[in-house]
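Engineer: When we follow the numbering used here, the leftmost residue of the sequence shown carries the number 4, and every step to the right adds one. Using N, Cα and C, we set each Cβ at its ideal position, and we do this for glycine too.
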Amino acid sequence: MSETTAKEIMTRDLVRATDGMTIEEALKVLINHRVTGLPVVDENGKMTGVISEYDILSQISKSKKNRGEVFQDLIVYSRKVDAISEDTPLSKIVNEFLDTKFRRLPVVDKDGSLVGIITRRDLMKVYYYRSRLAD
Numbered sequence: 004m005s006e007t008t009a010k011e012i013m014t015r016d017l018v019r020a021t022d023g024m025t026i027e028e029a030l031k032v033l034i035n036h037r038v039t040g041l042p043v044v045d046e047n048g049k050m051t052g053v054i055s056e057y058d059i060l061s062q063i064s065k066s067k068k069n070r071g072e073v074f075q076d077l078i079v080y081s082r083k084v085d086a087i088s089e090d091t092p093l094s095k096i097v098n099e100f101l102d103t104k105f106r107r108l109p110v111v112d113k114d115g116s117l118v119g120i121i122t123r124r125d126l127m128k129v130y131y132y133r134s135r136l137a138d
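1) If you check the beta carbons only, do residue 53 and residue 43 fall under 8 Å apart?
2) Which residue marks the beginning of the alpha helix (DSSP H) containing residue 101, and which one marks its end?
3) How is the beta strand (DSSP E) around residue 44 delimited, first residue to last?
4) Report yes if the C-beta of residue 25 is less than 7 Å from at least one heavy atom of the ligand SAH; otherwise report no.
5) Near residue 123, which residues of its chain fall below 7 Å by C-beta distance, leaving aside the five closest residues on each side in sequence?
6) Express the C-alpha separation of residue 68 and residue 49 in angstroms, rounding to a whole number.
Here it is as structure tokens:
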């Protein structure tokens with residue numbers, strides 16, 4: 004039996020930010036979808052980075068502008084992308100989460116386009132349902 008891969012457990016219905024999004028737009032997505040971070044993609048769907056609640060709070064708190072003005076600024080996000088491929092096995096996904104302490108890992112195809120996301124909760128579900136099947 005082959006090991007489970009990212010492709011089998013990733014969420015495909017993605018919430019994402021785009022290059023050129025304002026702080027206000029990003030906050031709206033985070034709040035409405037109850038997520039703490041978003042992958043950022045360009046107009047072609049290629050991964051360009053990630054933005055988190057922390058990034059936005061940091062940008063707001065460091066701004067000299069009043070709150071109404073700063074919300075119109077473009078998001079500043081981490082361009083260091085730790086993405087995994089669709090074929091990454093479960094054991095490597097777990098190790099990536101443990102080594103980085105990330106809450107989510109973007110999944111990209113061979114062209115670097117964002118195709119899914121895996122959260123720590125997704126891994127918990129895999130282990131939980133496997134244990135239920137073993138009973």
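Structural biologist: Considering the structure as presented:
1) Your numbering for residue 53 matches position 50 in the sequence shown. Your numbering for residue 43 matches position 40 in the sequence shown. Result yes, Cβ atoms of residue 53 and residue 43 sit closer than 8 Å.
2) In the sequence shown, counting from the first residue as 1, residue 101 sits at position 98. It spans 93-103 - the alpha helix (DSSP H) in which residue 101 sits, taken as one unbroken run.
3) Indexing the sequence shown from 1 puts residue 44 at position 41. Per DSSP, the continuous beta strand (DSSP E) segment holding residue 44 begins and ends at 40-44.
4) Of ligands this structure carries none, so the ligand SAH is not represented either.
5) Position 120 of the sequence shown, counted from the start, is the residue given in the question as residue 123. Once the five neighbours on either side are set aside, the close Cβ partners of residue 123 are 100, 106.
6) If you number the sequence shown from 1, residue 49 lands on position 46. If you number the sequence shown from 1, residue 68 lands on position 65. Distance between the alpha carbons of residue 49 and residue 68: 31 Å.
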